[in-house]
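Input: a single structure, listed below in structure tokens.
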Amino acid sequence: MNLERLENILHSEPKFRLKQARQTIFVDLISDWNQATNFPLAWREKLNEDCPLEIKAETLISQPGNSVKALIYLPDGLKIETVLLEHGAGRNTVCLSSQVGCPLGCLFCATGKTGFKRNLTALEIVEQAVYFARLLKKEGRQINNIVFMGMGEPFLNYDNVLGAIKILNDKDGLNIGARHISISTIGVISSLKKLAKEPLQINLALSLHAPADDLRSKLIPANKKYPLDAVMEELNNYLEQTGRRVMIEYLMIDKFNDDKEQALELATLLKKIQPPLFFVNLIAYNPTAGFRPSPAKRIFEFKKILRDQGVDVTERYRFGQDIKAACGQLAGNK
Ligand code: SAH
Ligand code: SF4
Numbered sequence: 022m023n024l025e026r027l028e029n030i031l032h033s034e035p036k037f038r039l040k041q042a043r044q045t046i047f048v049d050l051i052s053d054w055n056q057a058t059n060f061p062l063a064w065r066e067k068l069n070e071d072c073p074l075e076i077k078a079e080t081l082i083s084q085p086g087n088s089v090k091a092l093i094y095l096p097d098g099l100k101i102e103t104v105l106l107e108h109g110a111g112r113n114t115v116c117l118s119s120q121v122g123c124p125l126g127c128l129f130c131a132t133g134k135t136g137f138k139r140n141l142t143a144l145e146i147v148e149q150a151v152y153f154a155r156l157l158k159k160e161g162r163q164i165n166n167i168v169f170m171g172m173g174e175p176f177l178n179y180d181n182v183l184g185a186i187k188i189l190n191d192k193d194g195l196n197i198g199a200r201h202i203s204i205s206t207i208g209v210i211s212s213l214k215k216l217a218k219e220p221l222q223i224n225l226a227l228s229l230h231a232p233a234d235d236l237r238s239k240l241i242p243a244n245k246k247y248p249l250d251a252v253m254e255e256l257n258n259y260l261e262q263t264g265r266r267v268m269i270e271y272l273m274i275d276k277f278n279d280d281k282e283q284a285l286e287l288a289t290l291l292k293k294i295q296p297p298l299f300f301v302n303l304i305a306y307n308p309t310a311g312f313r314p315s316p317a318k319r320i321f322e323f324k325k326i327l328r329d330q331g332v333d334v335t336e337r338y339r340f341g342q343d344i345k346a347a348c349g350q351l352a353g354n355k
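Position in the sequence shown (first residue = 1) + 21 = my numbering.
Okay, structure coming up:
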């Protein structure tokens with residue numbers, strides 16, 4: 022799919038034509054301009070030529086059948102991955118990529134190991150959601166939630182991510198409520214500042230993963246640039262300005278960041294979050310390389326300590342490990 026030229030092609034036409042075109046793509050979810058019967062035939066041909074709607078992708082379905090990974094081919098030949106998570110009871114979440122690769126190179130993350138190629142455009146981000154929206158529509162279903170937890174650091178591609186969110190959220194777009202859209206970040210401070218000022222009700226998730234700088238820097242090289250104190254301070258500003266509850270993500274890595282002292286240290290660190298509008302989401306590490314996941318018993322104990330300290334804790338359900346579609350496993354190849 023390539024919509025970059027759509028506005029140019031329709032720029033001399035009355036405004037409503039662009040609106041109509043957007044509706045056919047994002048609401049009617051057509052995959053060929055010939056399905057846009059309200060458009061003259063000559064236009065449809067030109068649009069098929071210059072703004073093709075076909076999405077070139079390959080899909081893999083996980084064994085339990087509750088997650089689908091798509092490998093999408095971009096016009097310049099690069100590839101990105103996106104994942105559909107089916108929670109049951111009609112809840113469908115799409116996990117979007119924001120960059121091809123990621124420049125931050127976190128040690129636990131397969132995307133980080135691939136290096137960085139480029140930022141995605143807003144439309145390339147939306148295309149991922151359109152792909153699954155089309156698939157779900159065939160079964161009379163739709164996307165309910167969007168999470169920016171795929172490849173890349175969304176806060177290093179802020180404008181395009183926000184541009185994509187506008188289309189995802191728009192009534193003439195995919196019409197997904199802002200409260201059902203979440204951005205996960207390592208803590209890029211300049212973007213945290215900007216998000217606090219956006220009039221959108223989107224959710225924020227912060228990838229913390231360690232309770233102290235030395236340990237965090239071993240996992241996340243960018244912690245040197247965005248150390249915990251600075252991130253916490255900006256998080257507090259964000260909470261003061263938005264009053265929106267934040268998710269604190271914490272990977273559980275065997276004998277690395279998962280012992281009792283570290284749980285207590287984490288609880289102490291989190292006391293600095295004022296107002297205390299947050300909950301912790303524990304993520305069992307999905308093996309990529311180098312580390313082992315914490316055993317279930319340790320996760321249970323870690324969770325208990327946090328609860329005893331008055332911290333709200335949830336545990337992330339693991340999807341699609343068999344097709345390398347789980348958090349941190351997206352590397353742009355099958
Ligand atoms: N760059 C952003 C968003 C993409 S990663 C960020 O890092 O927050 C989305 C989530 O997957 C993050 O919380 C990240 O820490 C987590 N993740 C990365 N590698 C993982 C792995 N191997 N196992 C489990 N979660 C992982
Ligand atoms: Fe980039 Fe997030 Fe992976 Fe770190 S965890 S390398 S920030 S995608």
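Don't be surprised by glycine CBs; every beta carbon is placed ideally from N, CA and C.
For residue i, does the count of other Cβ atoms within 10 angstroms reach 16, so buried, or fall short, so exposed?
{"i": "glycine 349", "result": "buried"}
{"i": "alanine 231", "result": "buried"}
{"i": "serine 33", "result": "exposed"}
{"i": "aspartate 279", "result": "buried"}
{"i": "lysine 158", "result": "exposed"}
{"i": "leucine 105", "result": "buried"}
{"i": "glutamine 56", "result": "exposed"}
{"i": "serine 205", "result": "buried"}
{"i": "arginine 112", "result": "exposed"}
{"i": "tyrosine 179", "result": "buried"}
{"i": "proline 96", "result": "exposed"}
{"i": "tyrosine 94", "result": "exposed"}
{"i": "phenylalanine 169", "result": "buried"}
{"i": "proline 175", "result": "buried"}
{"i": "serine 211", "result": "exposed"}
{"i": "phenylalanine 153", "result": "buried"}
{"i": "alanine 251", "result": "exposed"}
{"i": "phenylalanine 37", "result": "exposed"}
{"i": "tyrosine 338", "result": "exposed"}
{"i": "phenylalanine 47", "result": "buried"}
{"i": "asparagine 181", "result": "buried"}
Which residues does DSSP pair with residue i in a beta bridge?
{"i": "alanine 91", "result": "Thr80 and Thr103"}
{"i": "glycine 109", "result": "Arg112"}
{"i": "methionine 273", "result": "Ala305"}
{"i": "valine 334", "result": "Val301"}
{"i": "valine 267", "result": "Phe299"}
{"i": "isoleucine 167", "result": "Val115 and Ile202"}
{"i": "proline 314", "result": "Ile274"}
{"i": "asparagine 224", "result": "Ser203"}
What did DSSP end up calling residue i once you bin it into helix, strand or coil?
{"i": "valine 252", "result": "helix"}
{"i": "lysine 245", "result": "coil"}
{"i": "glutamine 262", "result": "helix"}
{"i": "serine 118", "result": "coil"}
{"i": "arginine 162", "result": "coil"}
{"i": "alanine 233", "result": "coil"}
{"i": "leucine 125", "result": "coil"}
{"i": "lysine 138", "result": "strand"}
{"i": "serine 238", "result": "helix"}
{"i": "leucine 68", "result": "helix"}
{"i": "alanine 217", "result": "helix"}
{"i": "asparagine 190", "result": "helix"}
{"i": "valine 182", "result": "helix"}
{"i": "glutamate 282", "result": "helix"}
{"i": "glutamine 149", "result": "helix"}
{"i": "leucine 287", "result": "helix"}
{"i": "threonine 58", "result": "coil"}
{"i": "arginine 319", "result": "helix"}
{"i": "lysine 325", "result": "helix"}
{"i": "lysine 350", "result": "According to the sequence as given, residue 350 is glutamine; it is not lysine. In the structure shown, glutamine 350 sits in coil (DSSP, three-state: anything other than H, G, I, E or B)."}
{"i": "glutamate 28", "result": "helix"}
{"i": "aspartate 343", "result": "helix"}
{"i": "isoleucine 294", "result": "coil"}
Thinking C-alpha only, which one of the options is nearest residue i?
{"i": "proline 297", "options": "Glu270, Phe323, Ala284 and Leu260", "result": "Leu260"}
{"i": "glycine 353", "options": "Lys239, Cys130 and Glu70", "result": "Cys130"}
{"i": "valine 332", "options": "Ala243, Ile269 and Asn23", "result": "Ile269"}
{"i": "glycine 126", "options": "Gly136, Leu117, Ser119 and Ser118", "result": "Gly136"}
{"i": "leucine 225", "options": "Asp49, Arg266 and Tyr271", "result": "Arg266"}
{"i": "isoleucine 202", "options": "Tyr247, Ala150 and Asp250", "result": "Ala150"}
{"i": "aspartate 49", "options": "Ala78, Val147, Gln84 and Arg155", "result": "Arg155"}
{"i": "asparagine 59", "options": "Pro316, Leu39 and Leu74", "result": "Leu39"}
{"i": "tryptophan 54", "options": "Ala347, Lys281, Glu75 and Ser83", "result": "Glu75"}
{"i": "glutamate 107", "options": "Ile241, Asp71 and Arg162", "result": "Arg162"}
{"i": "glutamine 84", "options": "Gly341, Ala347 and Gln44", "result": "Gly341"}
{"i": "isoleucine 326", "options": "Thr335, Ala284 and Asp343", "result": "Ala284"}
{"i": "asparagine 29", "options": "Leu117, Asp71, Gly171 and Pro124", "result": "Asp71"}
{"i": "proline 61", "options": "Leu195, Gln41, Glu79 and Ser228", "result": "Gln41"}
{"i": "phenylalanine 299", "options": "Gly264, Ala243 and Phe323", "result": "Gly264"}
Problem - Lining residues of ligand 2 - beta-carbon closer than 5 Å to any non-hydrogen atom, in sequence order - result: In chain order, the residues that have a beta carbon nearer than 5 Å to some heavy atom of ligand 2 are Cys123, Leu125, Cys127, Cys130, Thr132, Gly133, Glu174 and Ile207.
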